[in-house]
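Those letters in the sequence shown? Residues 19 to 117, per the working numbering, in order. Beneath this line is the structure, given in structure tokens, with notes to follow.
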Amino acid sequence: CLAKFNEKTNVMINPQITWKGEETDVVEEGCLSLPGIDVKIERPTEITITYLDIKGKGQERKFIEFDARVVQHEVDHLDNVLITDHGNAPSDSKSAVEL
Numbered sequence: 019c020l021a022k023f024n025e026k027t028n029v030m031i032n033p034q035i036t037w038k039g040e041e042t043d044v045v046e047e048g049c050l051s052l053p054g055i056d057v058k059i060e061r062p063t064e065i066t067i068t069y070l071d072i073k074g075k076g077q078e079r080k081f082i083e084f085d086a087r088v089v090q091h092e093v094d095h096l097d098n099v100l101i102t103d104h105g106n107a108p109s110d111s112k113s114a115v116e117l
């Protein structure tokens, strides 16, 4: 998984979400894999993940707010989950069926 935070690209190998905070928010998400589709998705606002860094060393890191959402979105991809799999209808006029 590659994610850019504070102008630095982070490589996270085999990231696993190990903790999710209780507080959530619902935000409309888009995805480069599904151009033109936006879906409202509820996600925890804080998470902790474990992963291997580029050198193969185990890491643990906490993410909050937007960064937490980005990491969860990318972990979804690794788990073969797209934004349309979250059970909410696309929020624009193009439906997933049209893809």
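By construction, the Cβ of each residue, glycine as well, lies at the ideal position given by its N, Cα and C atoms.
For residue i, does the count of other Cβ atoms within 10 angstroms reach 16, so buried, or fall short, so exposed?
i, result
"V115", "For V115, the pLDDT reaches just 49, beneath the cut-off of 50, and the residue's location in the model is therefore unreliable, although a value from the coordinates is still provided. That one is exposed."
"F84", "exposed"
"K26", "exposed"
Look up residue i in the DSSP assignment and give the residues it is bridged to.
i, result
"T42", "P62"
"I82", "E64"
Roughly how many whole angstroms lie between the Cα atoms of residue i and residue j?
i, j, result
"K73", "M30", "10 Å"
"I35", "V44", "19 Å"
"N98", "V88", "15 Å"
"I59", "D103", "10 Å"
"P62", "S51", "22 Å"
"E47", "I55", "8 Å"
"W37", "I67", "7 Å"
"E64", "G76", "20 Å"
"V57", "K80", "25 Å"
"P53", "A86", "22 Å"
"G105", "D94", "14 Å"
"I82", "E40", "12 Å"
When the distance is taken between beta carbons, is residue j closer than 8 Å to residue i?
i, j, result
"C19", "E92", "yes"
"C49", "L96", "no"
"N28", "L70", "no"
According to DSSP, is residue i part of a helix, a strand, or is it coil?
i, result
"I101", "helix"
"D94", "helix"
"M30", "coil"
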